[in-house]
Each structure stands twice: as C-alpha cells, then as structure tokens.
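In what follows, a structure is listed as structure tokens, so that the remarks can point back to it.
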Amino acid sequence: MAWDFETDPAFQDKLDWVRRFVEEELIPLEPIMGDFTEAQWTAVQEPLKQQVKDQGLWACHLEHALGGQGMGQLPLAQMNMIIGRCIYAQEIFGNMAPDSGNSELIAEGGTEAQKEKWLWPNLRGELRSAFAITEPFVSSTDPTQIETSAVLDGDEWVINGRKWMITNASRADFIIFMVVTDPDAHVYKRCSMIIVEKGAPGMDVFRDIPTMHHPYSEFGANGNHAEIILDNVRVPKDNLIGERGGGFILSQVRLGPGRIHHATRWLGEAERAFDMLCERTQSRMSFGKGYAKHQMIQAYIADSRMELEMAKLLTLRAAWTMDRLGHHAARSDIAMVKVNNAKVLYNVIDRALQVHGSLGYSCDMPLESMYRSARMAPLVDGANEVHTVTIAREELKRYEGVEGWPSEHIPTRREASLKRFAHLLHARG
Ligand SMILES: Cc1cc2nc3c(=O)[nH]c(=O)nc-3n(C[C@H](O)[C@H](O)[C@H](O)COP(=O)(O)OP(=O)(O)OC[C@H]3O[C@@H](n4cnc5c(N)ncnc54)[C@H](O)[C@@H]3O)c2cc1C
C-alpha cells in the first residue's frame, strides 16, 4: 500500500502558525510557570487559549460533534510533533491529558445526562477530570487484578479501595474510577467505570505523590499524581458509564488513540533537545577545535537525527493507517510508536544533556527536567514490555505453522531446489 503524508498548503500555514506560537508565546513562559498560583495560571492561559480557538485549532483530537476539529490522525500527528516542543502546550491547545481521554470516554459511553453534566463543561474547560485505574498493591499493568470494588445498594454504588499515581486527581472536579462491580463474571467483564465527584464523603485525595519529575511537590501546570482512599463512598447508580462490566472495553477506547498522541508529542520534545544539542555543538570548543569537529559528537547528532526521522515516519504511518483502516488495523503500529518514541525521547535528551556537561546537569537549563520527565515514557500508557509483546505476537502470526531451521527436511528442500534449477535450465534451452 502506498502511504501518502503530503500536507495540504492551507494546513501547512496552520502548522507554521503553531510553530511560531509555541516558540514565541509559550516556550518563553516555561521558566516561571512552576511559580504561578492557580489563579495566575488561569489568567495567563485564557488569552493564549483564545488565540488557538481563533485559529480553529482547539481540541483537534475531537470530532466536530464534540466541539473539536475532526481533522483526522495524520494532520493531528503533524501538529502534535510541534506542540510537544513545549511542556504545557497541550493544555493551551485543549488536548491536555487526562481530560482529553476522559472526554473521549464519556462521549463514547456516556448517557445524554452524563454528557450534559460532565462532558460539555469539561470540553469548555470549566471542569477538570482525572482517570483512576492504578492501585498500589497490585500490578496495574494487568488491570484484571484491580481490587477497588463498587457494590450496588439500592440506587447507589458503594465504593471501597485505594488508587494511586492518579494524574490531576487533587485538582479534578470529577474522577472516573475503574472498579470491580462483578467479581464472579468473566475476567474481562468484572470491571466498570464509575464517576465520583470532588468532595464526595469518604473520598480522601490524601497526598500528591512526589515523583522523579516533581520530587519536592513543586507542581507546575504539568500535573500532579495523587493517592486516593475510597471508604464507603456513595454515588448515584447513574454515575456508571456505559454498561456494567464494560470497563475494559471503555478503557481501550480511552487509552488506544491517546497513546499515539502522547508518543507523537514526545518527538516534539526530542526535537527541542536536538536543537539544544546542535546549538551547543556549534558554539563551544575543546582541545583546539570546535565540538562540531569531534567525531563522537558528530555521531551523537547523526544518531539522533536518524532515530528522529525513523520515529517520525513510523508515527506518520501509524496515523495514516488509523485514518484509512481504523485503530484496530494500526494496533501493532501504535505499539511500535509507543515503545520506540519513548526510547528516542530518552536517547536524544540524554545526548543533549551529555554535550552540555555541567550546564546540562544544572537546573539552569530545561534538559535535566526533560530528562527526569522522559523516564516516565516507557512506564505510562502501558509498560513498554507489554507493547513489545503485542508487536511480537502480531509479527509471529505471519509465521504460524512454518518450518524452522535446522530441519529434518533440509535434504528434501535441497532436492526440490535442484529440480527447480534443472527445470529453469531446460526451459531456457
Ligand atoms: C507520571 C505517571 C502518571 C500516571 N498517571 C496515571 C493516571 O492518571 N491514572 C492511572 O490509573 N495510572 C497512572 N499512572 C500509573 C501507570 O499507568 C502505571 O504505572 C502502570 O499502569 C504500571 O502499573 P504499576 O505501577 O502497578 O507497575 P507494575 O504493573 O507492577 O509493572 C512494573 C513493571 O513490571 C514489568 N512488567 C509488568 N508486567 C509485565 C509483563 N507482562 N511483561 C514484562 N514486564 C512486565 C514492567 O517492567 C513494568 O514497568 C501513572 C504513572 C506515572 C509514572
């Protein structure tokens, strides 16, 4: 199949605008954004968001019916590769995780009443949300092990359990919880998604967990990751999203396309680190010659450029396949993008940091923060190992039942080959 990644000239103008906007308006605020109060942050964001809306580029991941642009995965990927250059740009463009995935989830599985109450205000930016699967005491890579439970008592769900690393939970107006509602059902039909609103009695969002990226809880607009105890939390029966027991299917709706969006933005971030790598290389010298003349540094640059170009092509192909053939057909491509782009992000930042020496390690540059943040990429959206298994499984399907080497049939193969050779000679006369 012939892939076509050509950009429409009108859309190229939009991409040029996005690049200028990110470089000139957003990146300059990065060094101080961690110091903003919530009120200051809101005041700063509004005019920036308005500029994005004026360009018709707000919430581009969503369909028209949901207030987005319905532009498709390929143009979105091209845009995300630029947006990723700035750590908070996704919020300004209306596709901030976890809100973006949550809006897709409610759009897919929610009732009209749920959409009125949570989806539309969420899309307008009036309500913030979080999404909670992970638990501290079980391997949440395998969500069939989840223990948090919800039991129906009259017209209410009674929820008990514990979740952690829940991004945005301490700021969220509502949280979507994955809980066990049907413990005796088939393993993939045990869980459901239920919404709990902020302040619900019994729900204690009791700490923002310091992480490698935010070790001292100095959270910027980039997010926070909370631990939550649910102790007999009662919510109305109607807070269930979709069908009872449909939690796994809904989680695939939510996590599937989202993975490629994050992983595409990682390439924008890696490109920014690449710029720093080259700028440093051109502006410094050692042992009597510029860094640009040191072959090992040249190798850092060449390796980074090759990895970036391969990652971009793979990402564009995955996006193109999603547009043409649907998410399922792109399953293996999406897994490759997730695994590969996480590695490229880390590699390029690491090389840029290395070439900056002590300056790179210092907090005077963004590289050390980018480096710490990049370490999450192989962990989130499904561990890289799990996606690697998906890729291998898909590949092996094409080899089912084939004979390997060495084989007891090798002499027979050789005979067949000789016969074929003789036949070709005979045919030639
Ligand atoms: C910054 C950040 C933000 C997050 N935000 C959220 C959020 O908003 N909501 C939410 O629900 N969760 C969130 N998470 C949690 C994240 O999704 C989980 O870390 C992830 O699901 C892994 O679960 P776990 O931590 O229990 O690790 P485990 O499941 O214990 O896995 C740990 C490691 O074991 C190995 N492993 C596990 N299974 C396999 C396998 N089958 N094959 C090979 N190796 C394997 C892998 O190396 C894996 O990284 C966030 C995590 C981070 C770091």
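So for the sequence shown, the working numbering puts the first residue at 5; every next one is plus one. Heads up, the beta-carbon is just placed ideally off N, CA and C, and yes, glycines get one too.
Quick one: does the C-beta of methionine 43 sit closer than 7 Å to a heavy atom of ligand 1? It is alanine, not methionine, that sits at residue 43 in the sequence shown. No, the beta carbon of alanine 43 sits no closer than 7 Å to any heavy atom of ligand 1.
Looking at the unbroken alpha helix (DSSP H) that takes in serine 308, where does it start and where does it end? 299-329
Report the three-state DSSP secondary structure of leucine 422 (helix, strand or coil). helix
Between the region 49-69 and the region 299-319, are three or more C-beta pairs nearer than 8 Å? Contact fails: fewer than three Cβ-Cβ distances are below 8 Å.
Are the CB atoms of glutamate 231 and isoleucine 213 nearer to each other than 8 Å? yes
Taking three-plus beta-carbon pairs below 8 Å as touching, is the region 93-101 in contact with the region 337-352? no
Just the Cα atoms here: how many angstroms apart are serine 336 and threonine 394? 7 Å
Who are the near neighbours of glycine 260 in its chain, counting only those whose CB is closer than 6 Å to its CB and skipping five residues on each side? His331
Exposed or buried, which one is glycine 203 when buried takes at least 16 other CB atoms within 10 Å? exposed
Can you check the region 118-155 for any alpha helix (DSSP H) of at least 4 residues that lies completely inside it and give the ranges in chain order? 124-127
Pick helix, strand or coil for asparagine 172, following the three-state DSSP scheme. coil
Per DSSP, which residues does tryptophan 161 bridge with? Please list them. Leu156 and Val239
Return helix, strand or coil for lysine 202, following the three-state DSSP convention. coil
May I have the straight-line CA-CA distance separating valine 390 from leucine 383, to the nearest angstrom? 10 Å
In this structure, does DSSP put phenylalanine 223 in helix, strand or coil? With a pLDDT of only 45 at phenylalanine 223, under the threshold of 50, the placement of this residue in the model should not be trusted, and no figure is reported.
Supposed close pair threonine 171, proline 102 - CB separation, criterion 8 Å: Their Cβ separation, rounded to whole angstroms, is 5 Å, which keeps threonine 171 and proline 102 in contact under 8 Å.
Measure the beta-carbon distance from arginine 355 to tyrosine 295 and round it to whole angstroms, keeping in mind my assumption that it falls under 8 Å. Between tyrosine 295 and arginine 355 the Cβ distance is about 12 Å, and since that is not below 8 Å, they are no contact.
How do the region 100-120 and the region 26-33 stand: do at least 3 beta-carbon pairs fall below 8 Å, yes or no? no
Start and end of the beta strand (DSSP E) containing isoleucine 179? 178-184
Going by C-alpha to C-alpha distance, which of Val352, Glu42, Val142 and Glu372 sits closest to alanine 274? Val352
So, helix, strand or coil for methionine 340, using DSSP? Three-state result, methionine 340: helix.
For glutamate 10, is the classification buried or exposed, using 16 other Cβ atoms within 10 angstroms of its Cβ as the cut-off for buried? In this structure glutamate 10 is exposed. Its beta-carbon is surrounded by fewer than 16 other beta-carbon atoms within 10 angstroms.
Going by the C-beta, is threonine 325 closer than 7 Å to any heavy atom of ligand 1? no
Ligand 1 heavy atom lying under 7 Å from the CB of threonine 171: yes
Cβ-heavy atom distance, threonine 145 to ligand 1, below 7 Å: Answer for threonine 145: yes, Cβ within range of ligand 1.
Return the chain-ordered list of same chain residues with a C-beta closer than 8 Å to the C-beta of leucine 19, the five sequence neighbours on each side being excluded. Counting only Cβ-Cβ distances below 8 Å, and skipping sequence neighbours, we find Thr11, Gln82, Met83 and Ile86.
Bridge-paired residues (DSSP) for isoleucine 233: Arg166 and Asp208
Does the beta-carbon of proline 415, which I'm using as the reference point, lie nearer than 7 Å to any heavy atom of ligand 1? Checking every heavy atom of ligand 1 against the Cβ of proline 415, none is found closer than 7 Å.
Phenylalanine 210 versus leucine 234: straight-line alpha-carbon distance, rounded: Distance between the alpha carbons of phenylalanine 210 and leucine 234: 10 Å.
Under the DSSP definition of a beta bridge, which residues are partnered with serine 196? Val183
Suppose the cutoff is 8 Å on Cβ atoms and the five residues either side in sequence are ignored; what does the same chain contact list for glutamine 73 look like? Gly60, Leu61, Trp62, Ala63, Cys64 and Leu66
Just to confirm my understanding: we take histidine 413, look at its own chain, exclude 5 residues before and 5 after, and list those with CB closer than 8 Å. What are they? Glu407
Would you call valine 191 buried or exposed, if buried means 16 or more other Cβ atoms sit within 10 Å of its Cβ? exposed
Relative to the C-alpha of methionine 5, which candidate in Thr319, Ser373, Thr325 and Lys293 has its C-alpha closest? Thr325
Suppose contacts are defined by Cβ-Cβ distances below 8 Å. Is serine 144 in contact with isoleucine 180 by that definition? no
Tell me whether arginine 432 is buried or exposed, calling it buried when 16 or more other Cβ atoms sit within 10 Å of its Cβ. So arginine 432 counts as exposed.
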